[in-house]
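Written out below as structure tokens is the structure these notes cover.
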Amino acid sequence: DAKTTQPTSMDCAEGRAANLPCNHSTISGNEYVYWYRQIHSQGPQYIIHGLKNNETNEMASLIITEDRKSSTLILPHATLRDTAVYYCIVRVWGGDYGQNFVFGPGTRLSVLP
Amino acid sequence: SAVISQKPSRDICQRGTSLTIQCQVDSQVTMMFWYRQQPGQSLTLIATANQGSEATYESGFVIDKFPISRPNLTFSTLTVSNMSPEDSSIYLCSGKGGSYNEQFFGPGTRLTVL
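Top to bottom, those sequences are chains X and G. Going by our numbering, the letters in the first sequence line up with residues 47 to 159, in that order. Going by our numbering, the letters in the second sequence line up with residues 44 to 157, in that order.
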């Protein structure tokens, strides 16, 4: 699986958009970009994923650059409950043994009142 | 999406003892995994739990220390054997499945070894 690079930490004001970047310059053509977050003392929670098109769901938007070497997770109106560690992971869709998620250190997002 | 529960949610154990953690998924998943998350760290994969056969362990983890069972598609156990304070961590169960073949995670078991 391709390696990802994320900033260690970010702050965001409550009510503003939080834009979390992720670099994955070695991503291969069949690898998807997944985003998870982990709120303190909880298991990781799936947010969104995409291949090459931008995606949006009720939680967030995912913007993937045309060359697919980077992406941005957007939380449009951050709340205090969005304070968490956000993980960007690239992985081949499906697969059997070995197709688990490899977690890097992630970005610690602090939403400030 | 699948809902994953773990028991116990937390435990405090004595050095040299063993603890078995149970993981139950509310729907069938294709694969199940066990992760460890040490204080302040990211998640590290321990092993893939294989139904009806021996688990597949990652480098640095061995069956004698972390025996795993998966008797069916929705249940798995992880045992932490002969515990030492270095085993104090959160242990997370995960299952792969769902519409988008994503991974779901349990709430974790917080283990403290004295």
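We put the CB at the ideal spot given by N, CA and C, even for glycine. The structure presented is a predicted model; accordingly, all values stated were derived computationally and were not measured.
{"Query": "Any C-beta of chain X sitting closer than 8 Å to the C-beta of G/G151?", "Result": "yes"}
{"Query": "Strictly under 8 Å for the Cβ-Cβ distance: is G/E97 near chain X by that measure?", "Result": "no"}
{"Query": "Taking the alpha-carbon of G/G59 as reference, which of G/C66, G/I106, G/Y134 and G/S127 has the nearest alpha-carbon?", "Result": "G/S127"}
{"Query": "Strictly under 8 Å for the Cβ-Cβ distance: is X/H86 near chain G by that measure?", "Result": "no"}
{"Query": "In the DSSP output, what is X/H95 paired with across the bridge?", "Result": "X/Y80"}
{"Query": "Check whether the stretch 134-143 of chain G and the stretch 72-92 of chain G are in contact - that is, three or more C-beta pairs closer than 8 Å.", "Result": "yes"}
{"Query": "Do we get a CB-CB distance below 8 Å when we pair X/Y92 with the residues of chain G?", "Result": "yes"}
{"Query": "Could you tell me whether any Cβ in chain G is nearer than 8 Å to the Cβ of X/Y132?", "Result": "no"}
{"Query": "Can you tell me whether G/V105 is buried or exposed? The criterion is at least 16 other CB atoms within 10 Å of its CB, across all chains shown.", "Result": "exposed"}
{"Query": "Over what stretch of residues does the beta strand (DSSP E) that includes G/F50 continue unbroken?", "Result": "Position check: residue 50 of chain G holds Lys in this sequence, whereas Phe was assumed. First-last of the beta strand (DSSP E) with G/K50: I47 to K50."}
{"Query": "For chain G, check one thing: does any of its Cβ atoms lie closer than 8 Å to the Cβ of X/H70?", "Result": "no"}
{"Query": "Taking all protein chains shown into account, do 16 or more other C-beta atoms lie within 10 angstroms of the C-beta of G/P82, making it buried, or fewer, making it exposed?", "Result": "exposed"}
{"Query": "Rounded to the nearest angstrom, how far is the Cβ of X/G58 from that of X/V157, given a contact under 8 Å?", "Result": "The residue you asked about is not Gly; residue 58 of chain X is Cys in the sequence shown. Going by Cβ atoms, the distance from X/C58 to X/V157 rounds to 5 Å, so yes, they are a contact pair."}
{"Query": "How many Å lie between G/V46 and G/L62 at the Cα?", "Result": "23 Å"}
{"Query": "Could you check where the beta strand (DSSP E) with G/I89 kicks off and where it finishes?", "Result": "L86 to A92"}
{"Query": "Is it buried or exposed, X/G75, if we count other Cβ atoms within 10 angstroms and call 16 or more buried?", "Result": "exposed"}
{"Query": "Are the stretch 144-154 of chain G and the stretch 104-118 of chain G touching by the rule of at least three beta carbon pairs closer than 8 Å?", "Result": "no"}
{"Query": "Is X/D57 helix, strand or coil by DSSP?", "Result": "strand"}
{"Query": "Excluding the five sequence neighbours on either side, which residues of its own chain have a C-beta within less than 7 Å of the C-beta of X/K98, listed in chain order?", "Result": "I110 and R114"}
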